[in-house]
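Enquirer:
In our numbering, the protein residues as written are 16 to 105.
#1: Run the CB neighbour count on residue 48, radius 10 Å, all protein chains shown included, and call it buried at 16 or more, exposed below.
#2: Find the nearest neighbour of residue 90 within the set 77, 104, 78, judged by alpha-carbon distance.
#3: To the nearest angstrom, how far is it from the Cα of residue 102 to the Cα of residue 87?
#4: Just how far apart, CA to CA, sit residue 58 and residue 93?
#5: Mind checking who residue 99 pairs with in its DSSP beta bridge?
#6: Based on Cα-Cα distance, which residue from 34, 43, 24 lies nearest to residue 77?
#7: Beta-carbon of residue 95 versus every beta-carbon of chain B: anything under 7 Å?
#8: Within the segment 44-100, note down every full alpha helix (DSSP H) run reaching 4 residues or more, in order along the chain.
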């Protein structure tokens, strides 16, 4: 478990990473936090991408997403990709 610089209350635990990567290279990675959220690590994109995103603040680089958003994303992805409706969950 590691702590992010500048936020002593936030602890992150490695969860999973891109299965097509190797451990010597940086890659897309998910971390679970101690406050019911996720931190997502990924490659920086060109500045031209920012205007295409909704409500991207000037201070955002990596991101922390709430558990509810991760749950919604997973359910929508499974429905779209596999045609399966997952239950809401807790």
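Each residue gets a CB set at the ideal place from its N, CA and C atoms; glycine is no exception. Fair warning: this is a prediction, and the values are worked out from it, not measured in the lab.
Expert: Let me lay it out:
#1: Numbered from its first residue, the chain shown carries residue 48 at position 33. Looking at its Cβ environment, which holds 16 or more other Cβ atoms inside 10 Å, residue 48 is buried.
#2: As a working note, residue 90 is residue 75 in the chain shown. Of the candidates 77, 104, 78, the one whose C-alpha sits nearest the C-alpha of residue 90 is 104.
#3: For the purposes of this step, residue 102 is taken as residue 87 along the chain shown, with counting starting at 1. For the purposes of this step, residue 87 is taken as residue 72 along the chain shown, with counting starting at 1. Cα-Cα distance, rounded: 10 Å.
#4: Position 43 of the chain shown, counted from the start, is the residue given in the question as residue 58. Position 78 of the chain shown, counted from the start, is the residue given in the question as residue 93. So the alpha carbons of these two residues sit roughly 24 Å apart.
#5: Reading the chain shown from its first residue, position 84 is the one you call residue 99. Answer is none; residue 99 lacks a bridge partner.
#6: Taking the chain shown and counting its residues from 1, one reaches residue 77 at position 62. The shortest Cα separation from residue 77 among 34, 43, 24 belongs to 43.
#7: This model lacks chain B altogether; it includes just one protein chain.
#8: 82-97
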